[in-house]
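Asks:
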Amino acid sequence: MEITIRDETNVTILALKGRLDLGTGSAVKEQVKNLFEKEKTMIHLNLAEVEFINSSGLGSLVSIMKEVRLRKGRLTLSNLDSYVQEIFEITQLSHIFEIFATEEETLNSYRAVPVS
Amino acid sequence: MHTVVDRMGRFLAQLQSSDFADREKAVKELATFYGDEAIAGLVLALEDSDPRIRELAADSLGRTNVCFASQLLIRSQNHRNIETRKLVTEFLVRIGSPAVQFLLDALDDDDPDIRMFAVCMLGRIRDDTTVGALCERLSDGNLKVVRSAVEALGEIGSSKAIPALVATYEKIADVRLQVVEALGKIGDPAAVEALLGYLKADDPLLLCAVIEAVGNIGAKDSVETLREHLDSKDPAIAETALAAIINITAKYGQDFGYDLPVKQFQGFLISSIKNGDKKITEFILNRLTGLCEQQMVGFALDALDFVEEGAVKRILEALGKVGPSASELILERFVESTYRTKLILLDILGWFVDESIAGRLVDFVDDPHPEVRRKIAYTLGKAGWSGAAATLKKLATDEVGYVREAAFVALGWLCSERDVDFLLTGLKDEYSDVREAALGALVIISGPKVIAKLAADLYHHDSGRQHLAVTGLGLIGEREVIDPLMKVLNHPEPSIRKAALTSLARIGEITDIEPLKLALHDENSGVRKAAVSALITIQGERAVGEIRFLLDDKDVWVRYHTISSIGRLGFDKHSEYLLPYLEEEEDIVRIAATKAVAQMANRRVLPQPEASPKEERYCRGC
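Protein chains in written order, with our numbering: chain H, 1 to 116; chain R, 1001 to 1622.
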């Protein structure tokens, strides 16, 4: 999996490319952990190029969410592929993740009102 | 033969009948006559004991000679029946201008009740040409007439009345309150100077009225004077002064109250919000974020129950900015809150719920409202706190299906393998939403136990369970599910075979594709199509040789799907397989082939359109 990281105002964006499973999920968790060490807790995952996610991948996202919450940060997701979106609907994870249609919408939300 | 007079006489007599139908007929008939007697009869019917007759009479009068009717009604205004008086009033107001002259004439009547009635009616009609005549009534010998004239002038709202009203204030102490209110209603800044002078009044009721009137007029210059009354020992005066300043603020869209002692007036402001005072609500909403944290949260929570949706959103935004420290106050208020507010509070808590908040929230799990219990389940799930599992399991046995659904979903978010056995019980729930929620939770948790259970369910006697199992295994998507999904390609149910193929294609990483190749020969066309997609996804261009024979499948949609799948690969070399289908009888297959060949960027092989005879002639000429 390719992970591209860039900083925007108030948020760090991780653009993921490839399959999100056990191995790649751990890689994403590792990257997020590095961000925590730099005291970056406002994190956005752009999933536009994630065409497959399995239960391990979901577990990684939930785990990242818990860590972000512990640090009183914010985790957002955007550009969910239709299959990924389907999984989020069945597991109702859309209730606990802030999901935006586009990265631009997400960035606007960080500019407007930080929730916590 | 009856004369017209005879007939009218009969109808007039019928008005006294004890039979409703007779009286109703009489009124309807009288309405068809022209003449003062008929109108008098209709006026008489206004006193009928039955409201339907009274309304019919009033309605009929509106279509008659309004001048005569007006005169009659003004004279007969002192009907015993209050409903009749109301009808007369409405009738005159409806007539409007044509009635004005009769009302002006009645201002000089000897009977003070008629003068008062005429004054009131003129106030209702609001014709500002009557201001002069009404001002004259300010000198009427009867106090009730004077008071009504003051009120009427306030209703009309003409600035021309200000000098006369100011003079009346000085002259007659008993109507000062009404004068002040009238000046406030007129709303002309020309009255401010006089009103500010009345602020010296000793009577607290009058003083409040003056302050309110100044606020209604809304002159910026009066703010400083009004401020002085914020410190009044009489809370009613101080509160009225605050409301007046807020009124002026609203009028100009400017904030003259930036340093108002809001805390001092918290009770008054909240009760004003509860009473639906829009200006005060707006004032508070505008400054929520400027208040200290505790004060802001207090205001916000108090107001939540009484504001509209748009305002709720603004309150939520403000509370969101406060962050987790708002939680403590929210939890304190939770029990006593209304159903609607509880739902909003749970939304807020959901933003920053953690173990400590979740630990408090479990106390409210027996809330009488299922929607609240449902939201509590979601909020507990968001906390991700394993300590909430016991509470969520309790909610998962709730009597209401959607509460159980939320509880199963939330248990999934906790990601605890210890809950797998319990989650499996959700697959047996009577409601499909609950079963799907339990499945979603199992997908997140996954693990060997879940996979083994779902694999076993693939052959459950209940076909619904079979479908849940194949969906679940597909969504789990781990290598461990490949084996059970491969085996299921021999399942007796075609939809299960098809779902397994779709999931296998998505998972990829298949080493043995023979079962998939066999599925190309499945008796079910849907399964054959799924097998085509699966092989193309897994093998790419190498699959074409395997699937080619389906270009001649007996099912037109399998042919269509195979052509489209080969086309999407985009390899020029495959176009030769598709060319024969450009001539296919079936339109849908021909279209698919044309599109597929075009996708292969091989337009040169497309047949050239035949030239028309006209074109041929033109070309020959060339």
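Even glycine gets a Cβ: it sits at the ideal position worked out from N, Cα and C.
Just the chain R side, please: which residues come within less than 7 Å of H/Val62 by C-beta, in chain order?
Replies: Simply Trp1413, Cys1415 and Ile1444.
Asks: Return the Cβ separation of R/Ala1149 and R/Glu1181 in integer angstroms, given the expectation that the two are a contact with Cβ distance under 8 Å.
Replies: R/Ala1149 to R/Glu1181, Cβ: 13 Å. No contact.
Asks: Please tell me whether R/Glu1155 and R/Arg1126 are closer than 9 Å, where the distance is taken between their beta carbons.
Replies: Cβ atoms of R/Glu1155 and R/Arg1126: closer than 9 Å.
Asks: Establish whether the CB of H/Asp21 and some CB of chain R are separated by less than 9 Å.
Replies: Taking Cβ atoms only, chain R reaches closer than 9 Å to H/Asp21, which makes this a yes.
Asks: Check the Cβ of H/Arg71 against every Cβ in chain R and list those closer than 9 Å, keeping chain order.
Replies: Residues of chain R passing the Cβ test: none, with the nearest at roughly 11 Å.
Asks: Give me the Cα-Cα distance between R/Pro1609 and R/Leu1550, rounded to the nearest whole angstrom.
Replies: Note that R/Pro1609 scores 48 on pLDDT, short of 50, meaning its location in the model is unreliable; the coordinates nonetheless yield the value given after this. C-alpha separation (whole angstroms): 29 Å.
Asks: Candidates R/Gly1323, R/Leu1195, R/Gly1359 and R/Tyr1577: which alpha carbon is nearest R/Leu1165's?
Replies: The residue with the shortest Cα to Cα distance from R/Leu1165 is R/Leu1195.
Asks: Could you tell me whether the Cβ atoms of R/Ile1444 and H/Ser55 are closer together than 9 Å?
Replies: Yes; because the gap between Cβ atoms is below 9 Å, this pair is in contact.
Asks: With a cut-off of 8 Å, do at least 3 Cβ pairs link the stretch 1461-1470 of chain R to the stretch 1485-1500 of chain R?
Replies: The stretch 1461-1470 of chain R, when compared against the stretch 1485-1500 of chain R, does touch it at the 8 Å Cβ threshold.
Asks: Rounded to the nearest angstrom, what separates R/Glu1136 and R/Glu1170 at their Cα positions?
Replies: C-alpha separation (whole angstroms): 16 Å.
Asks: For R/Ile1273, which residues in chain H fall below 9 Å Cβ to Cβ?
Replies: In chain order: nothing, as chain H lies at least about 23 Å away.
Asks: Answer with yes or no whether the minimum CB distance from R/Lys1382 to chain H is below 9 Å.
Replies: Yes, R/Lys1382 lies at the interface with chain H (some Cβ there is under 9 Å from its Cβ).
Asks: Between the stretch 83-104 of chain H and chain R, which residues of the former have CB atoms less than 8 Å from a CB of the latter, in chain order?
Replies: From the stretch 83-104 of chain H, only Tyr83, Ile87, Ile90, Thr91, Gln92, Leu93, His95 and Ile96 have a Cβ closer than 8 Å to chain R.
Asks: Identify whether R/Leu1015 lies in helix, strand or coil by the three-state DSSP scheme.
Replies: R/Leu1015 falls in the coil class under three-state DSSP.
Asks: Could you confirm whether any beta carbon from chain R is found closer than 9 Å to the beta carbon of H/Lys66?
Replies: True, the Cβ-Cβ gap to chain R drops below 9 Å.
Asks: In the structure shown, what three-state DSSP assignment does R/Asp1555 receive?
Replies: Correct three-state label for R/Asp1555: coil.
Asks: Going by alpha carbons, who is nearest to H/Val11 out of H/Asp21, H/Phe88 and H/Lys38?
Replies: Comparing Cα-Cα distances from H/Val11 to each of H/Asp21, H/Phe88 and H/Lys38, the minimum goes to H/Lys38.
Asks: Quick check on this structure: which residue in R/Gly1009, R/Ala1534 and R/Ala1383 has the alpha carbon closest to the alpha carbon of R/Ile1039?
Replies: That would be R/Gly1009, whose Cα lies nearest to the Cα of R/Ile1039.
Asks: DSSP on H/Pro114, reduced to helix/strand/coil?
Replies: The predicted model places H/Pro114 with a pLDDT of 45, which falls under 50 and marks its position as unreliable; any figure quoted below should be read in that light. Three-state result, H/Pro114: coil.
Asks: Inspect the CB distances between the stretch 1521-1534 of chain R and the stretch 71-82 of chain H and report whether three or more fall short of 8 Å.
Replies: No, because fewer than three Cβ pairs between the stretch 1521-1534 of chain R and the stretch 71-82 of chain H fall closer than 8 Å, the two stretches do not touch.
Asks: Alpha carbons only, please: which of R/Pro1492, R/Asp1522, R/His1521 and R/Met1486 is nearest the one belonging to R/Ala1505?
Replies: Measuring from the Cα of R/Ala1505, the nearest candidate turns out to be R/Met1486.
Asks: Please list the segments of the beta strand (DSSP E) lying wholly inside the stretch 1459-1500 of chain R, counting only runs of 3 or more residues, in order along the chain.
Replies: Entirely contained in the stretch 1459-1500 of chain R, not one beta strand (DSSP E) run reaches 3 residues.
Asks: Along chain R, which residues have their Cβ under 7 Å away from the Cβ of H/Asn54?
Replies: Residues of chain R passing the Cβ test: Ile1476, Gly1477 and Glu1478.
Asks: In chain R, what lies closer than 8 Å to H/Leu58 by C-beta?
Replies: Residues of chain R passing the Cβ test: Val1443 and Ile1444.
Asks: CB-CB under 7 Å to R/Glu1172, same chain, minus the five flanking residues each way: which ones, in chain order?
Replies: Rather than Glu, the amino acid found at residue 1172 of chain R in this sequence is Ile. Here the set comprises Val1146.
Asks: At a CB-CB cut-off below 7 Å, which residues of chain H make contact with R/Gly1440?
Replies: Correct list: Ile90, Thr91 and Gln92.
Asks: Roughly how many angstroms separate the alpha carbons of R/Tyr1577 and R/Glu1480, rounded to a whole number?
Replies: Straight-line Cα distance between these residues: approximately 38 Å.
Asks: Suppose you measure from the CA of R/Val1434 to the CA of R/Met1296; what does that come to, to the nearest Å?
Replies: Computed Cα separation, rounded: 40 Å.
Asks: For H/Val115, decide whether its Cβ has a neighbour in chain R, counting only Cβ atoms nearer than 9 Å.
Replies: Unreliable positioning characterises H/Val115 in this predicted model, as indicated by a pLDDT of 42, which lies under 50. The coordinate reading is nonetheless provided below. Yes, its Cβ sits closer than 9 Å to a Cβ of chain R.
Asks: Please report the straight-line C-alpha distance between R/Glu1514 and R/Leu1473, rounded to a whole angstrom.
Replies: Answer to the nearest angstrom: the Cα atoms are 21 Å apart.
Asks: Which same chain residues end up closer than 7 Å to R/Asp1053 when comparing Cβ atoms and leaving out the 5 residues on each side of it in sequence?
Replies: Looking at the sequence itself, residue 1053 of chain R is Ile, so the reference to Asp does not match. Result list for R/Ile1053: Arg1023, Glu1024, Val1027 and Ala1045, in chain order.
Asks: Let me check one thing: in DSSP terms, what residues is H/Leu77 bridge-paired to?
Replies: For H/Leu77, which the question treats as bridged, DSSP gives the partners H/Leu45 and H/Ile99.
Asks: Identify, in the order they occur along the chain, each residue of the same chain with its Cβ nearer than 8 Å to the Cβ of R/Phe1334, setting aside the five sequence neighbours on each side.
Replies: Excluding sequence neighbours, R/Phe1334 sits near Lys1342, Leu1345 and Phe1364.
Asks: When the distance is taken between beta carbons, is R/Ile1237 closer than 9 Å to R/Cys1208?
Replies: Result yes, Cβ atoms of R/Cys1208 and R/Ile1237 sit closer than 9 Å.
Asks: List the whole-angstrom C-beta distance separating R/Gly1440 from H/Ile90, where the pair is believed to meet the contact cut-off of C-beta under 8 Å.
Replies: About 5 Å separates the two Cβ atoms, so the contact holds.
Asks: In the DSSP output, what is H/Ile3 paired with across the bridge?
Replies: BP columns for H/Ile3 point to H/Leu16.
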